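Asker: Have a look at the structure that comes next, please.
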Amino acid sequence: MSPAMLEQRHIHGHGHGQSIRQSCLVVAVYLLTFVYPIVSVKVVEVFGCHSVEGTSYLRADYSVECLSSEHTPIVVLGVLALIMYPVGVPILFLKLLCAARPAIVSGEPTRLSRALGSLHRHYDVDFYAWEVVEAARK
5 MSPAMLEQRH
15 IHGHGHGQSI
25 RQSCLVVAVY
35 LLTFVYPIVS
45 VKVVEVFGCH
55 SVEGTSYLRA
65 DYSVECLSSE
75 HTPIVVLGVL
85 ALIMYPVGVP
95 ILFLKLLCAA
105 RPAIVSGEPT
115 RLSRALGSLH
125 RHYDVDFYAW
135 EVVEAARK
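Numbering (the numbering used here), first residue to last: 5 to 142.
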(Lines of atoms letter the chains of each structure in order from A and count residues from 1; the text may use other names and numbers.)
(Lines give C-alpha, C1' and ligand atoms only; values in the text may rest on other atoms or scores of the structure.)
Protein backbone atom coordinates (compact mmCIF):
# COMPACT_ATOMS: atom_id res chain seq x y z
CA MET A 1 0.00 0.00 0.00
CA SER A 2 1.33 3.43 -0.87
CA PRO A 3 1.88 6.10 1.82
CA ALA A 4 -0.94 8.18 0.31
CA MET A 5 -3.36 5.26 0.61
CA LEU A 6 -2.30 4.61 4.22
CA GLU A 7 -2.82 8.27 5.05
CA GLN A 8 -6.27 8.18 3.44
CA ARG A 9 -7.19 5.07 5.47
CA HIS A 10 -5.95 6.76 8.65
CA ILE A 11 -7.96 9.90 7.94
CA HIS A 12 -11.07 7.89 7.07
CA GLY A 13 -10.73 5.65 10.12
CA HIS A 14 -10.20 8.64 12.41
CA GLY A 15 -13.30 10.34 11.02
CA HIS A 16 -15.30 7.17 11.53
CA GLY A 17 -14.25 7.03 15.18
CA GLN A 18 -15.28 10.64 15.68
CA SER A 19 -18.61 9.89 14.03
CA ILE A 20 -19.21 7.04 16.47
CA ARG A 21 -18.29 9.28 19.43
CA GLN A 22 -20.64 11.97 18.14
CA SER A 23 -23.46 9.42 17.78
CA CYS A 24 -22.80 8.16 21.31
CA LEU A 25 -22.94 11.73 22.63
CA VAL A 26 -26.25 12.35 20.83
CA VAL A 27 -27.74 9.18 22.34
CA ALA A 28 -26.36 10.03 25.80
CA VAL A 29 -27.83 13.56 25.67
CA TYR A 30 -31.24 12.23 24.59
CA LEU A 31 -31.17 9.52 27.25
CA LEU A 32 -30.10 11.88 30.04
CA THR A 33 -32.73 14.42 28.96
CA PHE A 34 -35.46 11.77 28.89
CA VAL A 35 -34.73 10.10 32.23
CA TYR A 36 -33.64 13.25 34.08
CA PRO A 37 -37.06 14.16 35.57
CA ILE A 38 -37.88 10.55 36.45
CA VAL A 39 -34.56 9.86 38.19
CA SER A 40 -34.57 13.24 39.92
CA VAL A 41 -37.98 12.54 41.48
CA LYS A 42 -36.81 9.11 42.66
CA VAL A 43 -33.66 10.60 44.18
CA VAL A 44 -35.65 13.19 46.15
CA GLU A 45 -38.00 10.49 47.48
CA VAL A 46 -35.31 9.17 49.84
CA PHE A 47 -35.68 12.38 51.87
CA GLY A 48 -39.47 12.23 52.25
CA CYS A 49 -40.74 10.94 55.58
CA HIS A 50 -44.32 10.58 56.83
CA SER A 51 -45.42 10.39 60.45
CA VAL A 52 -47.73 7.53 61.37
CA GLU A 53 -48.89 7.38 64.99
CA GLY A 54 -45.84 9.28 66.19
CA THR A 55 -43.26 7.32 64.19
CA SER A 56 -41.73 8.71 61.02
CA TYR A 57 -41.41 6.36 58.02
CA LEU A 58 -39.83 6.74 54.61
CA ARG A 59 -42.63 7.50 52.13
CA ALA A 60 -40.94 5.44 49.42
CA ASP A 61 -40.78 2.39 51.71
CA TYR A 62 -42.88 2.30 54.89
CA SER A 63 -40.78 -0.58 56.24
CA VAL A 64 -37.92 1.90 56.80
CA GLU A 65 -38.12 4.14 59.86
CA CYS A 66 -36.67 7.59 59.23
CA LEU A 67 -33.51 8.57 61.13
CA SER A 68 -32.86 4.90 61.90
CA SER A 69 -29.65 3.00 61.21
CA GLU A 70 -31.39 1.49 58.17
CA HIS A 71 -32.34 4.94 56.84
CA THR A 72 -28.88 6.54 57.22
CA PRO A 73 -27.17 4.74 54.30
CA ILE A 74 -30.20 5.49 52.14
CA VAL A 75 -29.83 9.19 52.90
CA VAL A 76 -26.06 9.08 52.21
CA LEU A 77 -26.68 7.44 48.82
CA GLY A 78 -29.48 9.93 48.21
CA VAL A 79 -27.15 12.87 48.81
CA LEU A 80 -24.56 11.39 46.44
CA ALA A 81 -27.25 10.70 43.81
CA LEU A 82 -28.62 14.22 44.28
CA ILE A 83 -25.19 15.71 43.58
CA MET A 84 -24.55 13.43 40.62
CA TYR A 85 -27.90 13.55 38.88
CA PRO A 86 -30.29 16.44 39.61
CA VAL A 87 -27.34 18.81 40.07
CA GLY A 88 -24.66 17.12 37.97
CA VAL A 89 -26.59 16.64 34.72
CA PRO A 90 -27.50 20.34 34.27
CA ILE A 91 -23.90 21.28 35.08
CA LEU A 92 -22.65 18.77 32.50
CA PHE A 93 -25.08 20.11 29.89
CA LEU A 94 -24.02 23.69 30.67
CA LYS A 95 -20.32 22.85 30.36
CA LEU A 96 -20.90 21.10 27.02
CA LEU A 97 -23.06 23.95 25.71
CA CYS A 98 -20.47 26.53 26.79
CA ALA A 99 -17.81 24.56 24.92
CA ALA A 100 -20.05 24.56 21.83
CA ARG A 101 -21.11 28.22 22.26
CA PRO A 102 -18.86 29.70 19.55
CA ALA A 103 -20.27 27.30 16.95
CA ILE A 104 -23.87 27.81 18.14
CA VAL A 105 -23.60 31.60 18.11
CA SER A 106 -21.76 31.80 14.79
CA GLY A 107 -24.14 29.38 13.07
CA GLU A 108 -21.15 27.34 11.89
CA PRO A 109 -21.85 23.94 13.46
CA THR A 110 -19.17 21.67 14.80
CA ARG A 111 -19.47 18.01 15.70
CA LEU A 112 -20.09 19.00 19.32
CA SER A 113 -22.74 21.63 18.56
CA ARG A 114 -24.53 19.19 16.24
CA ALA A 115 -24.42 16.45 18.90
CA LEU A 116 -25.94 18.89 21.41
CA GLY A 117 -28.60 20.07 18.96
CA SER A 118 -31.46 18.68 21.03
CA LEU A 119 -30.42 21.00 23.87
CA HIS A 120 -30.23 24.26 21.92
CA ARG A 121 -31.84 24.16 18.47
CA HIS A 122 -35.35 24.99 19.75
CA TYR A 123 -34.17 28.22 21.36
CA ASP A 124 -33.00 31.58 20.05
CA VAL A 125 -29.19 31.77 19.80
CA ASP A 126 -29.10 34.25 22.70
CA PHE A 127 -30.79 31.62 24.89
CA TYR A 128 -28.83 28.58 23.66
CA ALA A 129 -28.45 27.21 27.23
CA TRP A 130 -32.12 27.62 28.22
CA GLU A 131 -32.60 23.83 28.32
CA VAL A 132 -30.30 23.79 31.36
CA VAL A 133 -32.68 26.21 33.12
CA GLU A 134 -35.62 24.00 32.11
CA ALA A 135 -33.88 20.87 33.42
CA ALA A 136 -33.05 22.55 36.72
CA ARG A 137 -36.62 23.81 37.04
CA LYS A 138 -38.02 20.29 36.67
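C-beta atoms are modelled at their ideal positions from N, C-alpha and C, and glycine is treated no differently. These numbers come from a predicted model, not from an experiment.
Where does D130 sit, in a helix, a strand or coil, going by DSSP?
Answerer: Helix.
Asker: How many Å lie between D130 and A85 at the Cα?
Answerer: Taking the straight line joining both Cα atoms gives about 32 Å.
Asker: Hey, is A119's beta-carbon within less than 8 Å of any beta-carbon in chain C?
Answerer: Of the chains in the structure shown, none is chain C; there is only one protein chain.
Asker: Determine the extent of the alpha helix (DSSP H) in which T76 is found, giving its start and end residues.
Answerer: Its alpha helix (DSSP H) spans residues H75 to L86.
Asker: CB-CB under 7 Å to A104, same chain, minus the five flanking residues each way: which ones, in chain order?
Answerer: Once the five neighbours on either side are set aside, the close Cβ partners of A104 are T114, L116, S117 and L120.
Asker: Mapping DSSP to helix, strand and coil, what is E69?
Answerer: E69: strand per DSSP, three-state reduction.
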